[in-house]
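First comes the structure, then the notes that go with it.
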Amino acid sequence: MQVEQIAIFLENRAGRLAEITSTLAENGINIRALSLADTADFGILRLIVNDVDKASQILKDHGFTVGRTEVLVVEVPDQPGGLAGALSAINKARLNIEYMYAFSQRSGESGLIIFRFDDQEAAVKVFQEAGLRILNGEEVYAI
Amino acid sequence: MILNDHETMPREELRALQLERLQKLVARVYDKVPYYRGKMDEAGVKPEDIRVLEDIRHLPFTTKEDLRQNYPFGLFTVPMDDIVRLHASSGTTGKPTVVGYTKEDIKLWAGLMARSLSAAGVTSKDIIQNAYGYGLFTGGLGAHYGAEELGATVIPISGGQTKRQITIMRDFGSTVLLSTPSYAMNLAEVMIESGVDPAALPLRVGVFGAEPWSEGMRHDLEKRLRIKAIDIYGLSEIIGPGVAVECIEEQNGLHIFEDHFLPEIVDQNTFEPLPIGETGELVFTTLTKTAFPVIRYRTKDISRLNATPCSCGRTMLRMPKVSGRTDDMLIIRGVNVFPSQIEQVLMSIEGVEPHYLIIVDRQGAMDTMEVQVEVSENIFSDEIKDMVSITKHIQADIKDLIGSTCKITLVEPKTIKRSEGKAQRVIDKRKI
Chain A
7 MQVEQIAIFL ENRAGRLAEI TSTLAENGIN IRALSLADTA DFGILRLIVN DVDKASQILK
67 DHGFTVGRTE VLVVEVPDQP GGLAGALSAI NKARLNIEYM YAFSQRSGES GLIIFRFDDQ
127 EAAVKVFQEA GLRILNGEEV YAI
Chain B
6 MILNDHETMP REELRALQLE RLQKLVARVY DKVPYYRGKM DEAGVKPEDI RVLEDIRHLP
66 FTTKEDLRQN YPFGLFTVPM DDIVRLHASS GTTGKPTVVG YTKEDIKLWA GLMARSLSAA
126 GVTSKDIIQN AYGYGLFTGG LGAHYGAEEL GATVIPISGG QTKRQITIMR DFGSTVLLST
186 PSYAMNLAEV MIESGVDPAA LPLRVGVFGA EPWSEGMRHD LEKRLRIKAI DIYGLSEIIG
246 PGVAVECIEE QNGLHIFEDH FLPEIVDQNT FEPLPIGETG ELVFTTLTKT AFPVIRYRTK
306 DISRLNATPC SCGRTMLRMP KVSGRTDDML IIRGVNVFPS QIEQVLMSIE GVEPHYLIIV
366 DRQGAMDTME VQVEVSENIF SDEIKDMVSI TKHIQADIKD LIGSTCKITL VEPKTIKRSE
426 GKAQRVIDKR KI
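Chains as they are written, first to last, in the working numbering: chain A, 7 to 149; chain B, 6 to 437.
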């Protein structure tokens, strides 16, 4: 049910992001989705990739600090109100979103939202009750 | 193990021995070294004025400045013919200071270093990897001669070449590591990275010195390397390593080899001698060295003396771990702080790596301090709020120590330069 995301610690220095992406490219890793959270001094890059084990090992070998976290990837209709429906269900259940980011699929029929909750299991239930589809790891890595 | 009977001498006998040696020493330097004679005459004190140990307070101090003024050989008491070895300090803050040894001095030093290793639990059966730098620095050769004197097997590998150190440590089965604590940390890190499990090595003791280090660093080194980490103290102006050492029984304060080095603690401002137990500047008089004896040498190290009997049986006074030389002391907005105190704060926070850099600067009239800390997997989180809370935690603990808020910068792993000998922990931009 849950999808593994890798997170990388980044100093705010020129060229660090490019180093990560080219390192992954050289090793044939495809990035499915990406988000960068930043403060004035540092950033946290979050990635969904096609091969989690390989990508995190490669980045570690290149001296980056890498963490792995489980996230939920939820499919919402790619139309106005698609995301709003999902969020209002979460809101009603009073669940806290730690962070989220989105990407839309090539087909244009649905968007995918990546969520991290303080209570992941409760969120799974809420999405299921709201009739939203949660993607599993294989599906996401293979997109 | 206790190597020499003097180490357990009753205090009264020891004091008698110290007085006898002190009187001889003062008479000899007065006779042989014009500079000392001049200073004693100026202070109005003659060798025969030393009647009891406490009379030492009438003798003038010797400082690094005195050594510099007599650069290179001005304070030697013997002709150069009798000198068999020279060592010198790095001279980063001015002219280097040069120290000389006669054959007897080298023997004495080897004996003291052997005692130190023995106190650290090292025996003739050990294989000692000596990663102190060989050369003008007293650490390498000082430890080397002591290890041989003890009858152990010495690997004179010197500092650096970290990967090779690890290969040799594994292949030769080193049981003892001699190095600076920061270099030991570097070794531990590279060891784990290269897939060598410290627990699978026969290494069991580390004797670390030549730079200040915190209790937190000790625990970390002991955990990472699966060893007992022992603190050793010395400075080239006195003899080199082997002035004081912790015993493996207690690892709580360093026993000073008082039969050869007479310690005093003096007030940092008035330079008046302080009673046992009070904190001040550590001052040493070498009682038995021939070529280059020093009288009341001001070490600039802050410490105190502890006369509590020790379970190891040594009667020699102990001094707690030195937190730093006054030269290393930072004054941040009027508050004195040693880098090792910052280290202690960092090491007491779970998951924080022992790699840090302190950057001091001045903005307008205000001192600023930034502490760079490497982000390891142990403290990394994919959530900003967790990372910010770690920096806040460190910031608050340092504020408790120095009273002002410093900036904590999280940096990527390996961005802080690893030590090959003495670690650079501070960049003080106010001085550049």
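Glycine included, every Cβ here is placed at the ideal spot set by N, Cα and C.
Practice item. Can you give me the start and stop residues for the alpha helix (DSSP H) that residue 432(B) sits inside? Key: In the second sequence, residue 432(B) corresponds to position 427, counting from 1. It is not in any alpha helix (DSSP H) - residue 432(B) instead sits in the beta strand (DSSP E) that spans 431 to 433.
Check your understanding: Mind checking whether residue 325(B) and residue 225(B) have CB atoms under 8 Å apart?
Key -> One-based indexing of the second sequence puts residue 325(B) at position 320. One-based indexing of the second sequence puts residue 225(B) at position 220. Taking C-beta atoms as the reference points, residue 325(B) and residue 225(B) fail to come closer than 8 Å.
Check your understanding: Since residue 43(A) meets chain B, which of its residues come closer than 9 Å, beta carbon to beta carbon?
Key -> Here residue 43(A) corresponds to residue number 37 of the first sequence, with the count starting at 1. Those within 9 Å of residue 43(A) in chain B are 387, 388 and 389.
Point to revise | Every unbroken alpha helix (DSSP H) inside the stretch 173 to 254 of chain B [4 residues or more] | key: Fully enclosed alpha helix (DSSP H) runs of 4 or longer: 186 to 198 and 220 to 230.
Check your understanding: Does DSSP put residue 78(B) in a helix, in a strand, or in coil?
Key -> Residue numbering aside, residue 78(B) sits at position 73 when the second sequence is read from its first letter. Annotated three-state conformation of residue 78(B) is coil, per DSSP.
Exercise for review: Look at residue 131(B) and residue 157(B) and say whether their C-beta atoms are less than 8 Å apart.
Suggested key: By one-based count along the second sequence, residue 131(B) stands at place 126. By one-based count along the second sequence, residue 157(B) stands at place 152. For the 8 Å CB-CB criterion, residue 131(B) and residue 157(B) form a contact.
Review point. Helix, strand or coil: how does DSSP classify residue 35(B) here?
Key: Start at 1 with the first residue of the second sequence, and residue 35(B) comes out as number 30. Of the three classes helix, strand and coil, the one that applies to residue 35(B) here is helix, per DSSP.
Point to revise | Beta-carbon spacing of residue 77(A), residue 35(A) below 8 Å | key: For the purposes of this step, residue 77(A) is taken as the residue at position 71 of the first sequence. For the purposes of this step, residue 35(A) is taken as the residue at position 29 of the first sequence. Contact: no.
Review point. Can you tell me whether residue 265(B) is buried or exposed, with buried defined as 16 or more other CB within 10 angstroms of its CB?
Key: The residue labelled residue 265(B) in the question sits at position 260 within the second sequence. When all chains shown are included, residue 265(B) counts as buried.
**Study point:** is_contact[residue 105(A), chain B] using C-beta, thresh 8 Å
**Key:** Numbered from 1 along the first sequence, position 99 holds the residue referred to as residue 105(A). Yes, residue 105(A) lies at the interface with chain B (some Cβ there is under 8 Å from its Cβ).
Practice item. Give the straight-line distance between the Cα atoms of residue 34(B) and residue 298(B), rounded to the nearest whole angstrom. Key: Within the second sequence, numbered from 1, the residue matching residue 34(B) stands at position 29. Within the second sequence, numbered from 1, the residue matching residue 298(B) stands at position 293. Whole-angstrom Cα-Cα distance: 8 Å.
Practice item. Starting from residue 62(A), trace the alpha helix (DSSP H) both ways and give me its first and last residue. Key: By one-based count along the first sequence, residue 62(A) stands at place 56. That run of the alpha helix (DSSP H) goes 58 to 67.
Review point. Span of the alpha helix (DSSP H) holding residue 161(B)?
Key: Numbered from 1 along the second sequence, position 156 holds the residue referred to as residue 161(B). That residue, residue 161(B), is in no alpha helix (DSSP H); it is neither H nor E in DSSP.
Check your understanding: In or out: residue 290(B) buried (at least 16 other Cβ within 10 Å) or exposed?
Key -> The residue labelled residue 290(B) in the question sits at position 285 within the second sequence. Answer is buried; the Cβ neighbour count reaches 16.
Check your understanding: Taking buried to mean at least 16 other C-beta atoms within 10 Å of its own C-beta, is residue 387(B) buried or exposed?
Key -> Indexing the second sequence from 1 puts residue 387(B) at position 382. Residue 387(B) comes out buried.
Review point. Chain A beta carbons: is any one of them nearer than 8 Å to that of residue 392(B)?
Key: For the purposes of this step, residue 392(B) is taken as residue 387 along the second sequence, with counting starting at 1. So, interface residue.
Point to revise | Counterpart residues of residue 341(B) in DSSP-defined beta bridges | key: For the purposes of this step, residue 341(B) is identified with residue 336 of the second sequence, where counting begins at 1. DSSP lists 336(B) as the beta-bridge partner residues of residue 341(B).
Check your understanding: Do the stretch 80 to 94 of chain B and the stretch 103 to 111 of chain B make contact, defined as three or more Cβ pairs closer than 8 Å?
Key -> Yes: at least three Cβ pairs fall under 8 Å.
Review point. What is the DSSP secondary structure of residue 133(A), reduced to helix, strand or coil?
Key: Within the first sequence, residue 133(A) is the residue found at index 127, counting from 1. DSSP places residue 133(A) in helix when its eight states are reduced to three.
Check your understanding: Ordered along the chain, which non-local residues of its own chain (more than five positions away) have a Cβ less than 8 Å from that of residue 311(B)?
Key -> For the purposes of this step, residue 311(B) is taken as the residue at position 306 of the second sequence. Closer than 8 Å at the Cβ level, and outside the excluded window around residue 311(B), lie 258, 281, 282, 322, 323, 324 and 325.
Exercise for review: Use the C-beta contact count for residue 15(B): other C-beta atoms within 10 angstroms, 16 or more gives buried, fewer gives exposed.
Suggested key: For the purposes of this step, residue 15(B) is identified with residue 10 of the second sequence, where counting begins at 1. So residue 15(B) counts as exposed.
Practice item. Can you tell me which of 428(B), 393(B) and 427(B) puts its alpha carbon nearest to the alpha carbon of residue 49(A)? Key: The count along the first sequence starts at 1 and reaches residue 49(A) at position 43. Out of 428(B), 393(B) and 427(B), 393(B) has the C-alpha closest to the C-alpha of residue 49(A).
Point to revise | Interface positions of the stretch 39 to 69 of chain A facing chain B (Cβ-Cβ less than 7 Å), listed along the chain | key: The stretch 39 to 69 of chain A vs chain B, Cβ under 7 Å: 43, 45, 47, 48, 50, 52 and 69.
**Study point:** Reduced DSSP category for residue 116(A) - H, G, I as helix; E, B as strand; rest coil
**Key:** Here residue 116(A) refers to the residue found at position 110 when the first sequence is read from its first residue. Strand at residue 116(A).
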